[in-house]
Structure formats: structure tokens, C-alpha cells
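Participant:
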Amino acid sequence: MKEIGYNDLEGLFSAALANLEAHKTFVNSLNVFPVPDGDTGTNMALTLKTALAEVGKKKPVSTKEFMSTLSAGSLIGARGNSGVILSQIVRGMAASADNKLTLTTTDFSQMLAKATEIAYKAVVTPVEGTILTVIRRIAEAATTVRDDEFVPYFTALITVGRQAVRETTGQLQALAEAHVVDAGAEGLVTLLEGMLMDLKGESAGMQKQPVEAMQEERLPSEQLTYRYDTVVLVASEKLPSVEISARLTQRGDSLVMASAGGLTKIHVHTNEPYEVIQYLMTFAPIREGHIEDMQTQADAYAATTTMESASPQRLASTEGCGGGHLEVAYVVVSPGPGFDEVFRKLGAHVIVSGGDTMNPPTEAFLEPIRSCDAKSFLIFPNNKNIVLAARQAADLAGKDVHVLESRHPVQAIAALVQLASCGVDDDYVATADEAIGATDFFAVTRATKNASIGGLRVQKGDYMLLVDDKLVGTGKTIAEALDCLRNSPIDWKSKSLLSAFRGADYDESAFGGVMAALAEQYPDLEVQPYFGGQSFYDVVGSIE
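Start counting the sequence shown at 198; every next residue gets the next number (the numbering used here).
#1: Looking only at its chain, what residues have a beta carbon closer than 7 Å to the beta carbon of Q718, apart from the 5 residues adjacent to it on each side?
#2: Distance check for T237 and G381, CA to CA, integer angstroms please.
#3: Got a sec, what are the start and stop residues for the beta strand (DSSP E) Q731 sits in?
#4: Closest to I219 by CA distance: which of V331, L388, T356, R333 is it?
#5: Spell out the partners DSSP gives V453 in its beta bridges.
#6: For a quick check, are the C-beta atoms of S456 and E485 less than 8 Å apart?
#7: Our contact map puts D553 next to D304 with C-beta atoms below 8 Å; I'd like the distance itself, whole angstroms only.
#8: Take L214 as the anchor and find which of S226, T239, P231 has the nearest alpha-carbon.
#9: Going by CA-CA distance only, name the one from L663, K690, G634 that's closest to G738.
#10: Might you give, ordered along the chain, the residues of its own chain that have their beta carbon closer than 7 Å to the beta carbon of I355, omitting 5 neighbours on each side?
#11: Using the Cβ count rule (16 or more neighbours within 10 Å means buried), how would you classify V258?
#12: Alpha carbon to alpha carbon, how far is V626 from K542? Give it in angstroms, no decimals.
#13: So, with DSSP's three-state summary, where would you put G572?
#14: Let me make sure I understand the geometry here. Which of T222, V224, P231, V287 has the alpha-carbon closest to that of T247?
#15: Contact check, F781 vs S531 under 8 Å by CB: the rounded distance?
#16: Which of the three DSSP states is assigned to E413 in this structure?
#17: Tell me, which residues are paired with D426 by DSSP?
#18: When you compare the CB positions of V598 and F574, do they come within less than 8 Å of one another, or not?
#19: Less than 8 Å between the CB atoms is what I'm expecting for A617 and G544, so what's the real figure, rounded?
#20: DSSP three-state call for I201: helix, strand or coil?
#21: Going by beta-carbon coordinates alone, are E741 and K673 separated by less than 8 Å?
#22: Whose C-beta lies closer than 7 Å to the C-beta of K596 among residues of the same chain, with five residues either side of it excluded?
#23: Does E602 come out as helix, strand or coil in the three-state DSSP assignment?
#24: How close, in whole Å, do the beta carbons of T302 and F347 come, if the pair is a contact with beta carbons under 8 Å?
#25: Let me know the secondary structure DSSP gives A586 once reduced to three states.
#26: If contacts are defined as beta-carbon pairs under 8 Å, then F728 and F698 qualify, I think. What distance do you get, rounded to the angstrom?
#27: According to the Cβ coordinates, are A571 and L523 closer than 8 Å?
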């Protein structure tokens, strides 16, 4: 095939989405920190779903119109940093597309080059060893591929992309320490692999349907070619990778190998997981192994609604915008009902539901900002993985919108307290920034896997204490984990208030006991307990 018609593009991107859906669990598992926020695959899938839903509404009639519509949908549906970067890749491809009715490999190479340029510009401080590196490597390779047939062309690009993904482990210390590849990079190549499968007439993931139908209909379960998702950690980083790759690709697909710190993590889809493990044991001892039945997941997926809602019924609460024209409106991301109530009392005008594992799309910020009658807006993303979506909304809103660098809801609370005393002539942004910078935050959650982080060994099930997003200590109980606060690099002499918020699943009486212990441990601090209602994190709080 030397040309792709504009009307074939929907099938191509739908196949990419189907393949990502089939491998989403693995992409989500590529989490550096053993915390329950592995959602890169989910964010990328939801971003592309929203984009394809927009295509289904508009029915484009040229390559330019298709890519522009896909881009518009991806921009408003982008979730998490990975989703935002994916939307910028699509945006770049759209910028390079023209009104031709067909695409050649040369056209596609030009689109990839523009995608790389736009994606890099979208990130304030681009970091190598991420999805950005991989799209750049693929785009560079595209200029050297002299094949005008799409199947060998895509095959060559994916070969380069897979190698680039493997190399991300050695490019970032956090990836090397966790023995994983970059999740966004893995997601990107998984999308391209789905496209290649479609070009070859193969089924990518589960059976494809038009996106409009996917919202309500159920898909028949499909027999996967390779049933078991197999991940093995081998106690050596000096393995014959070429030999192993040749052997395992004969017995499976989706092979990923990453080596660092004397270990090699190998991922493969196969029907013979124990044979894979026995084969790898001939080279070195096995440190860990994990086998997951993807057919069961596929059957369960087919038995339920096949498309998660790309746009929740209610993206945000705008109750605070009902009082007429506002000078400044505060937009905050809240992880639970308790935080919602605190934000309302402190004068937040727009409350967007979101946090770890539930990153809101760009649309969740856009809609309330456009409907709220205010001269300017301050957005508190309250999570490092929501900042890019908030910035994208600010760029698209057409209003005076400032995105603050709050990485946790408690920082937004501290800022809103200070903003309450601001007058018309005061600098709201500077006031909020100062409060955010002066507020340390902490969180306690259970480790989702074994890991080594900054020299600290974490066992699955341990409670971890994170201070300012950095692991400080662990314990077998929440109280033991919180006891590690004394080891954190906080300047205690400048602090006077410790506020703590109880998670949705943490017993109230147990929380009260922990708070009493903190008050006794830190007699110079005022300790204030609240109900936060956040998921996954039993206790979060601030120290001001």
C-alpha cells in the first residue's frame, strides 16, 4: 500500500486505540513510584477516545479536515501529562496535513517532524528519556526510510521506536532505579503498532467499531493471539539481548527489555509463560515474576460497556460563579468531598474533581472558565500530572488565565486563605505563589509493588510517607509511616500549623488516634484534623 485515503485514517487511529486498550494494564504498570497512580495508558487512551468521538460527530472529508478534527478532540480531551503530550503530537500532525485525499509515506514523515516540533514546544522543560525522545527518534528515522510502501515503512519506524523505548531506562535515573521504561514512550509505540496491525489487515487488540457505537454497544470477546502478560525480573543486566529477543519473539509479542542496576526487566505476551521463565533462568536467577491472564481481562472488558466515558456528565462544579461578575475566579482541583467543602468555604468558584488516577481532561477546565463571568482566573491544578492539562486549557480559553504551580490540594488551601485578605490592587498571583512555596505537604499510602527509591527499599503493602512528593520513610502501619516525618528535611522552626485530611477508606477513630499522637510529638505545632475523602491516600496534609 503506497497511499492511505483520508477515509482510512479513522480506522488507522481506531486500531491504534484498540491496541493501546489491549495493553493498557501493562503501560499503567510502568510506574516509577510504587503509588496507586499508574494511569499513563488510561490517560492516553481516553485522550484518543475523545478525539475519535469528535471525528465521529464531524465526518471530515479530507486529510486536513480529519487531522484538524482529531486534534481539536484530543486537545479538549487530554488527560494527564501523557495525554497532553499525545494531543500536541496530534496537533503537530494536523498542522502539517493538507487537503489531499490521500497520504504517502513522505507526507506521514512530514507530519511526524511537525509533531515532534510542536510536542517539544508544549513542555516548558523537555526531558530526554520520555515520550518526547521517542517521537523525535521516530521522526528522525522517518526521513531516512526510503520505502514508499506503508507496511515496511511503519515496520522500520516501530523498530526504531522500540529501541528508543528500551533506551529510556538508561536516560533517566528514576527509570533506571525502578527498572522500567518510560510509560508514555511505551504507550506511543503501542499506538503505532496498532496502526501497523491495521495496515497488515490484522486485528489490533479487540475488534474495532465506530467510536459512536462504542459508547453504548458491547463488543464480542475475541481470542487473543497471546494470552499471558509475562513480566520477569532477571538478576543480571549483561544478557544476550539479541539471542533472547529472537527466542521470545518466536513465542510471543510486545517484547520490552530494560536493564539497570544489575537487573533486567523483561516483558512479553506469550502463551507459554513458564517456558519463558525457565528459558530466562538459564542465564541468571529470577528475582521476581508476574503472569497476568489478558484473555480474562479482554472477556471482562467485552462484557461491560466498551468505552469509558470520555466526557463525564459533570466535569466541574461552578456554584461559586453564580454571584455575577467577578474580578478573580479561583479554579481548584479537588480529590474528594471533604476537600470540596473546604474549598467552598474558602471561596473557590470552580471545583474540578480530580487527583491521582483520575486526572481531569482539559475540557474540565475549559467549560467552567468559558461560562464563568470573571475578569481573570487562577487555576490550582493540585497535582503534578494535571498541570499540563490546566495550561492547555489556559491557552485555549481566550481569557486571562494563570496556572499556578500547586502540586497538592493543601497548597491551594494555604493560598486561598492568604487570597482572602487581598484587595483589588493586590497581586493575586504573587500572593498565591508565595503561599504555595511556603507550604510543605505530606501523604501516606500503601506501596503497590516492591521498589527501591533513593536508597530506600519498599515492600509491597508497606505504608509510605511522601513529603513534597519525595519518599521519606516507610512503616507497617500508618502511624509508623507518619513517625518518619521527623526524618524529613522540613524547616520545623518556621512552622506553626499541621493540617491533616482523612482519606475515604481510613477509619475515623484510628485517624483520631494518629492525630493525637502527632499533637504529642509536635507540641509546638497546632494540629488540625479534617475529613478529606480522597481515594488511595489514607492521610494527606500540610505543614505551614
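Virtual Cβ for every residue (Gly too), placed ideally from N, Cα, C.
Bear in mind the structure is a predicted one, so any value in this text is a computation, not a measurement.
Facilitator: Taking the definition as stated:
#1: none
#2: 6 Å
#3: Taken as a continuous stretch (DSSP letters only), Q731 belongs to no beta strand (DSSP E), as it is neither H nor E.
#4: Here residue 219 turns out to be Ala, not Ile, going by the sequence shown. Considering only alpha carbons, the answer is L388.
#5: H464
#6: no
#7: Contact doesn't hold; Cβ gap of about 40 Å is too wide.
#8: T239
#9: Answer by Cα proximity: L663.
#10: V386, L389, E390, L393
#11: V258 should be labelled exposed.
#12: 20 Å
#13: Residue identity check: residue 572 is Lys in the sequence provided, not Gly. In the structure shown, the three-state DSSP call for K572 is strand.
#14: V287
#15: In the structure displayed, the chain extends from 198 to 741; residue 781 sits before or after that span and is not available.
#16: Per-residue confidence for E413 stands at a pLDDT of 32, beneath the threshold of 50, marking its modelled position as unreliable; the derived number appears in the next sentence. Note: E413 maps to coil in three-state DSSP.
#17: For D426, the pairing in a beta bridge is given by DSSP as H466, E489.
#18: yes
#19: 6 Å
#20: It is a strand residue.
#21: no
#22: I566, F574
#23: coil
#24: Yes, they are in contact, since the Cβ atoms of T302 and F347 sit about 6 Å apart, within 8 Å.
#25: Residue state, collapsed to three classes: helix.
#26: 7 Å
#27: Taking a C-beta distance under 8 Å as the contact criterion, A571 and L523 qualify as a contact pair.
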